[in-house]
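To convert, note that position 2 of the sequence shown is 21 in the working numbering; the numbers rise steadily by one, no gaps. Note that CB positions come from ideal geometry on N, CA and C, so glycine has one too. All of these numbers come straight from a predicted model, not from anything done at the bench. Here's the structure we're looking at; comments come further down.
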Amino acid sequence: MTPSKYVVVNYNSCRVEQCLSSEDLDGCPAESACSPGVLTQEEPDEPPMLPSPRMCVGCGDCIRDCTYDAISSSRG
């Protein structure tokens, strides 16, 4: 079986409060870029989370749009 690719959020690097103030967004730009809607935020000022790595399609849109490079890909 081929390992699947999914994303990992580095919460030490995530600066969602700075994204909100500097980009005039309603939340995390990476969460907004997640076309499958897997990366989620409960509140706009909280870091995004990946509830289930199995749901991630590995498209990389969130990695590209994360302002602080707090999201990376992994295989599992």
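Could you round the C-beta distance between residue i and residue j to whole angstroms and report it? I think they count as a contact, below 8 Å.
i	j	result
L39	D80	Going by Cβ atoms, the distance from L39 to D80 rounds to 20 Å, so no, they are not a contact pair.
C33	S54	That belief does not hold up - the Cβ atoms of C33 and S54 are roughly 20 Å apart, past 8 Å.
K24	S71	About 14 Å; that fails the 8 Å criterion.
Within this structure, are the beta carbons of residue i and residue j separated by less than 9 Å?
i	j	result
T46	Q37	The sequence shown places Gly at residue 46, rather than the Thr named in the question. Going by C-beta atoms, G46 is not nearer than 9 Å to Q37.
I90	V28	yes
A52	R73	no
C85	V57	no
According to the neighbour-count rule (16 or more other Cβ atoms, all chains shown, within 10 Å of its Cβ), is residue i buried or exposed?
i	result
P67	buried
Helix, strand or coil, according to DSSP, for residue i in the structure here?
i	result
S92	strand
V26	strand
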